[in-house]
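Take a look at the structure set out below.
Numbering (the working numbering), first residue to last: 22 to 465.
Following this line, the structure appears as structure tokens:
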């Protein structure tokens, strides 16, 4: 990892670092702009102190603890400066050529998907499946205009051709770099249109052809599923996640709350006076800190649970500090978790509700709100940002659940308690499964 990408928290424990960080003094020039204090930096000028401080924090973290830029390999422990592996990004298939969605085939096929016979799909899911089929048909008929009304005979030919299906798999894999899971989704969509055409009544001569195509689709899905699971055994192993700086111990994560605690307490003190103006970024920080408290001190649960947590629910907590999952208005639609709050956590939440939240001009009853006063949704990203500032590791909400399940279950829980914890996570934890298998194989 280049030294310019090492933020301030990672330099705190560097060899030869100053005991206290240097104060950043920024002065405006004659035109009212701020410049980076690092003379060798070629960064842009900044209109605000906040922008300039953020630049120094992220790009020149060494400046707080050293007079001159040190060599990373000499002053930082090896475990901190492990080079991150190249990140893999999801392929973008939006630009794959396709026929227009106004065609009769798409409308009738989507209507069938929404019906009980087609699986009672949701509107968004049916739309997605239909678009995948249109992309496949466009691949089979590249010279046709996008506005072409596709005849049913052409659809039957394309869906029943094993050669075209095989070429389309290679097309997705080689040109568009679609992963195994994405290719499986496309095969599932083609299987749906195959069933759709079969339900509409087939020419007897096409029955055998469709049977061959169905067998091919099943074999492709089975083969790619095996490859995908084998890939997960590597990508979701603790060793790999540690190597790319996306894994931390429970002890490290417990340092996140104390790291930000002083700033949160000071903002609360300042906001107790109604005449004091609190900057917007400090208000957002308090919301982020409450998110970290909920995850780290209440329960490592799904972000959705805290997204739908309301102020009235927090205020109605009983003497045992419990919010039952049936309290959520959307309990029948989503699965939530029962939450238990300690007196210390309740004290901090009440301070946030009393002093900070009203300054965000709330227009809803949800506990966590944005600067516009609306319901906050990107909770996992905010939590990961706060954790990175404290310990310098990329830990989001899902990864935190996996850390809890893997580390605590392996070292501190019985087999029955492990199963209970896995069920409570509400999502299948592949990381924990891979880790358990590795430990079991070593024992064997």
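Note that the Cβ used here is the ideal one computed from N, Cα and C, for glycine as well.
Because the structure is a prediction, the values reported are computed rather than measured.
Assigned with DSSP and collapsed to three states, residue 290 falls in helix.
By the neighbour-count criterion, in which a residue is buried when 16 or more other Cβ atoms sit within 10 angstroms of its Cβ, residue 414 is buried. In the DSSP assignment, residue 230 falls within the alpha helix (DSSP H) that extends over 228-256. Here the alpha carbons of residue 83 and residue 91 stand approximately 8 Å from one another. In the structure shown, residue 407 falls within a helical segment according to DSSP collapsed to helix, strand and coil. Runs of the alpha helix (DSSP H) lying entirely within the stretch 306-348 and spanning at least 4 residues, in chain order: 324-328 and 332-336. Taking every protein chain shown into account, the CB of residue 440 has fewer than 16 other CB atoms within 10 angstroms, so this residue is exposed. DSSP, reduced to helix, strand and coil, places residue 97 outside both helices and strands of the structure shown, so it counts as coil. A straight-line Cα-Cα distance of about 11 Å links residue 245 and residue 190. The Cβ atoms of residue 359 and residue 345 lie closer than 8 Å to each other.
By the Cβ criterion, the stretch 322-330 is not in contact with the stretch 364-383, since fewer than three pairs of Cβ atoms, one from each stretch, lie closer than 8 Å. Looking at the backbone, the Cα of residue 78 and that of residue 93 are separated by about 16 Å.
As summarised for the stretch 142-228, there are no continuous beta strand (DSSP E) elements at least 3 residues long confined to that stretch. Proximity of the stretch 402-414 to the stretch 306-313 meets the contact definition, three or more beta-carbon pairs being nearer than 8 Å.
Residue 240 counts as exposed, since fewer than 16 other C-beta atoms from the protein chains shown sit within 10 angstroms of its C-beta. Cα atoms of residue 227 and residue 177: separation of roughly 8 Å, rounded to the nearest angstrom. If you compare the alpha carbons of 116, 117, 137 and 316 with that of residue 361, the shortest gap goes to 316.
The straight-line gap separating the alpha-carbon atoms of residue 40 and residue 280 is approximately 16 Å. Scanning its chain for C-beta atoms nearer than 7 Å, with the 5 sequence neighbours on each side dropped, one finds around residue 366 the residues 314, 318 and 319, in chain order.
Assignment of beta-bridge partners to residue 79 by DSSP yields no partner.
Using a Cβ distance threshold of 8 Å, residue 127 and residue 143 do not count as a contacting pair. In its chain, beyond the 5 residues on either side, 30, 276, 277, 280 and 281 have a beta carbon closer than 7 Å to the beta carbon of residue 411.
Annotation for residue 372: the continuous alpha helix (DSSP H) segment containing it runs 364-372.
Taking each of 338, 382, 352 and 242 in turn and checking the Cα distance to residue 305, the smallest one comes out for 382. Proximity to residue 118 across 36, 454 and 158 peaks at 158, based on C-alpha coordinates.
In the DSSP assignment, residue 130 falls within the alpha helix (DSSP H) that extends over 125-135. A Cβ-Cβ contact shorter than 8 Å links residue 258 with residue 459. In this structure, the beta-carbon distance from residue 200 to residue 234 does not fall below 8 Å. Residue 30: member of the alpha helix (DSSP H) spanning 29-32, first to last residue. When DSSP states are grouped into helix, strand and coil, residue 390 belongs to the strand group. Secondary structure of residue 396 (DSSP, three-state): strand. In this structure the stretch 336-351 does not touch the stretch 388-399; the number of beta carbon pairs closer than 8 Å is below three. A straight line joining the alpha-carbon of residue 389 with that of residue 290 spans about 20 Å. According to the DSSP assignment, residue 421 belongs to the alpha helix (DSSP H) that extends over 418-424. Shortest Cα-Cα distance from residue 129 to any of 69, 402, 347 and 221 involves 221.
Residue pairing by DSSP puts residue 360 in a beta bridge opposite 344.
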